[in-house]
Amino acid sequence: MKNLAGLMKQASQMQAKMEEMQAGLATLEIEGAAGAGMVSVTLTGKGDLKRIRIDPKLADPAEMEMLEDLIIAAHAEARRHLEVRTGAEMEKVTGGLNLPAGMKLPF
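Residues in the sequence shown are numbered consecutively from 1001, following the working numbering.
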């Protein structure tokens, strides 16, 4: 039983670290850019789109389709950056243990 108590304590500590990491990610801002920086987007740590910056040179109505495509590409890049950062932070907390997303510890 001593080992079980130790395991539960470790699980509780891991959950506290995961909650701390998630709180830190909530304040995180990640930027993605496309078109040589002419369009950039900023996402929150939860993946919500917070800000878009568009170079005024792109405001030509004839270029709107390209502008829309660049916004989508910049958003996708920011999401990839966020996933990499989130994965790295999760690995720090779990020590490489692959846990399903949203898993609460202790069980």
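Note that beta-carbon positions come from the ideal geometry of N, C-alpha and C, so glycine has one too. From a predicted model like this one, the values you see are computed outputs, not experimental measurements.
Next on the checklist: Quick check: what's the CA-CA separation for P1056 versus E1065?
Outcome noted: Distance between the alpha carbons of P1056 and E1065: 15 Å.
Next on the checklist: Distance check for L1067 and Q1010, CA to CA, integer angstroms please.
Outcome noted: Each residue's Cα considered, the two are about 50 Å apart.
Next on the checklist: Is it buried or exposed, I1072, if we count other Cβ atoms within 10 angstroms and call 16 or more buried?
Outcome noted: Result: exposed.
Checklist entry - So M1014 packs on T1094, CB below 8 Å; how close in whole Å? => result Beta-carbon to beta-carbon, M1014 and T1094 are separated by about 7 Å, close enough to satisfy the 8 Å threshold.
Checklist entry - Excluding sequence positions up to five away, which residues of its chain have a Cβ less than 6 Å from the Cβ of M947? => result The chain is shown only over 1001 to 1107; residue 947 falls outside these bounds and no answer can be derived.
Checklist entry - What does S1040 pair with, by DSSP beta-bridge criteria? => result Paired residue(s): A1033, R1053.
Item to check | Best match in E1063, A1005, K1017, N1003 for proximity to E1091 [C-alpha to C-alpha] | outcome: When each option's Cα is compared against that of E1091, the closest is K1017.
Item to check | Beta-carbon gap between L1082 and G1037 smaller than 9 Å | outcome: Against a cut-off of 9 Å, the Cβ pair of G1037 and L1082 comes out as no contact.
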